[in-house]
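A.B. asks: Residues in the sequence shown are numbered from 1 upward in steps of one, following my numbering.
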Amino acid sequence: MEISAFLIAAAVFFVLLGAIWSVVAVVKLRKKHPETLWDWSKIDISDLSFPKNFIWGTATAAHQVEGHNTNNNWSRWEESFDKKGRPRIQNGDKSGRAADHYNLYRDDIARMKDELGVDSYRFSLEWSRIEPEPGKYDQNEIKHYHGMFDALLEAGIKPMPTLHHFTHPIWFDDLGSFEHEKNLEHFFRFSELCFKEYGGKAKYWCTHNEPGPFATMGWALGVFPPGVKNYKRLGQVLHNLMRSHLGVYQRIKALPGGNEAQVGLVKNMFQFDPYRRWSPLHWLICRISDGIYNESILGFLRDGVFRYHFPGISKIYQEHPEAKGATDFIGLNYYSNLLISPLAKQEPPFKPLIRKGQVLTDMPYATYPEGFYRALTKLKELERPIIVTENGVPDAKDDFIREDYIRRYLYAMSEAIKDGADVRGFYYWTLMDNFEWAFGNSMKFGLYEVNPETMERRLRNGSKAFVEIIAQHKKDHE
Ligand code: BGC
């Protein structure tokens with residue numbers, strides 16, 4: 001055989017081998033990561049059941065609802081512009097008064113008690129108020145939050161504080177915040193102070209809210225402060241956030257009352273599903289994204305190892321044996337999945353791909369209750385109780401999909417519980433219309449609509465499904 005014929009035959013052989021290998025790999029991946037889709041026409045969404053002491057709640061974050069925050073990374077970001085001179089926030093919105101929850105929290109708590117009938121309230125402690133300058137604590141602000149804890153307890157509502165929900169003081173931001181491991185000491189000190197102050201008033205504590213979105217929006221997509229686009233630095237930030245969670249967890253446990261407290265990380269889950277389920281390229285992008293966004297965090301708590309890999313740019317592998325199981329519960333924030341295609345736009349604003357039967361919410365993300373079931377089932381691998389710390393829908397069109405959304409997602413959760421997920425509670429995101437970060441004031445997630453002029457609250461019609469389900473559950477377990 002001539003050399004050229006031999007080379008051609010060898011090339012054909014390797015191409016075929018490659019093709020067979022990728023088909024086998026794709027078949028395996030399809031089996032391992034099914035994109036569950038239910039036929040809703042055959043489902044009775046009223047068939048719900050939740051455990052007896054199930055916790056029903058609603059959640060907020062300080063900067064999004066309090067108003068009058070002027071000393072944190074977000075208040076500064078809201079005043080800044082990108083390189084082309086455009087405001088950072090959609091429509092140039094600012095958090096401003098937000099929902100004025102700082103002044104109106106007592107009325108809001110009364111609403112939670114009398115109208116919603118929730119058992120618990122998740123909110124965050126605004127670090128920039130409590131420690132406006134390094135090491136200097138504002139006693140009035142410490143007192144303010146005592147007022148909130150006490151008002152909740154008086155109303156029979158259990159407080160669930162979050163220590164870091166995307167905001168921190170400007171001085172901490174100037175130090176490079178979570179990009180540098182040495183800065184974590186500041187956050188540890190703040191967390192210890194909070195636990196010493198309020199530890200006796202709350203059983204469940206959230207350390208960090210969503211390391212994944214906080215880090216990727218801030219250090220990869222550049223739409224959150226500090227507006228960086230760098231996958232190497234993203235890896236460092238994610239690693240430090242996990243170190244930070246671990247450090248806070250260990251420090252709280254070492255304090256008086258720490259062993260009785262339940263301290264957990266809040267994990268946002270987005271599944272990355274290939275738009276074309278037979279495409280090796282689609283799968284490749286999905287697995288890399290999942291590794292960065294989900295596995296880096298889950299693996300830390302599950303195996304005690306931090307793994308991060310952005311091909312050709314950054315690879316981190318570090319063992320942290322003491323991190324294995326270092327969370328008393330896992331908080332789950334779930335909204336949707338992302339259907340990935342290399343042809344889809346890679347920069348915000350995204351226009352997500354959707355499957356037949358799915359509806360695009362305002363944010364925009366697709367409604368995907370089956371994904372909520374998948375996320376709850378997936379989290380079983382951490383062998384810790386799960387608390388759904390956020391789930392909700394932005395729906396400005398006067399309750400276009402809110403009721404359906406609530407009923408279907410709660411149905412999915414009920415199914416996951418039936419199938420063995422140890423879910424202890426569910427917090428609806430969010431209590432009232434708020435400042436939705438880079439989207440400004442345009443997203444209407446609230447159970448309550450807020451009139452921006454008068455600050456009046458009105459319970460939305462679609463929210464009544466949530467109130468009804470809580471009441472029914474309580475009746476069933478009287
Ligand atoms: C965040 C919230 C946010 C919500 C809706 C979560 O990622 O924790 O602060 O408002 O999603 O986008």
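C-beta atoms are modelled at their ideal positions from N, C-alpha and C, and glycine is treated no differently.
1. Using the three-state DSSP reduction, which class does G299 fall into: helix, strand or coil?
2. May I ask which residues mark the beginning and end of the alpha helix (DSSP H) holding K475?
3. Are there 16 or more other CB atoms within 10 angstroms of the CB of V12, so buried, or fewer, so exposed?
4. How do the segment 215 to 232 and the segment 273 to 284 stand: do at least 3 beta-carbon pairs fall below 8 Å, yes or no?
5. Identify the residues that DSSP records as bridge partners of D273: which are they?
6. Would you say E210 touches the ligand BGC, meaning its beta carbon is less than 6 Å from a heavy atom?
7. A61: beta carbon under 6 Å from a heavy atom of the ligand BGC?
8. Quick one: what's got a C-beta closer than 6 Å to V263's C-beta in the same chain, skipping five residues either side?
9. Which word fits V27, buried or exposed, when buried means at least 16 other C-beta atoms lie within 10 angstroms of its C-beta?
10. Counting along the chain, where does the beta strand (DSSP E) carrying G147 start and finish?
11. Unbroken beta strand (DSSP E) runs of length 3 or more, entirely within the segment 322 to 379: which are they?
12. Is F81 buried or exposed, if buried means 16 or more other CB atoms sit within 10 Å of its CB?
13. Flag P352 as yes when its Cβ comes closer than 6 Å to any non-hydrogen atom of the ligand BGC, and as no otherwise.
14. Counting Cβ pairs closer than 8 Å, one from the segment 4 to 24 and one from the segment 331 to 349, do we hit at least three?
15. Going by C-alpha to C-alpha distance, which of K378, I387, H180 sits closest to Y121?
16. When the Cα of E133 is compared with those of L241, C194, I170, I316, which residue comes out closest?
17. May I ask which residues mark the beginning and end of the beta strand (DSSP E) holding I387?
18. Could you tell me the alpha carbon to alpha carbon distance between I142 and I130, rounded to whole angstroms?
19. Which residues share a DSSP beta bridge with W205?
20. Which of the three DSSP states, helix, strand or coil, is assigned to G312?
21. The ligand BGC and P348: does any heavy atom of the ligand fall closer than 6 Å to the residue's C-beta?
C.D. replies: With the structure as the only source:
1. helix
2. 464 to 476
3. exposed
4. no
5. L339
6. yes
7. yes
8. W205, Y249, I252, D328
9. exposed
10. Premise fails: G147 lies in the alpha helix (DSSP H), 139 to 154, not in any beta strand (DSSP E).
11. 329 to 334, 338 to 340
12. exposed
13. no
14. no
15. I387
16. I170
17. 386 to 390
18. 6 Å
19. V263
20. coil
21. no
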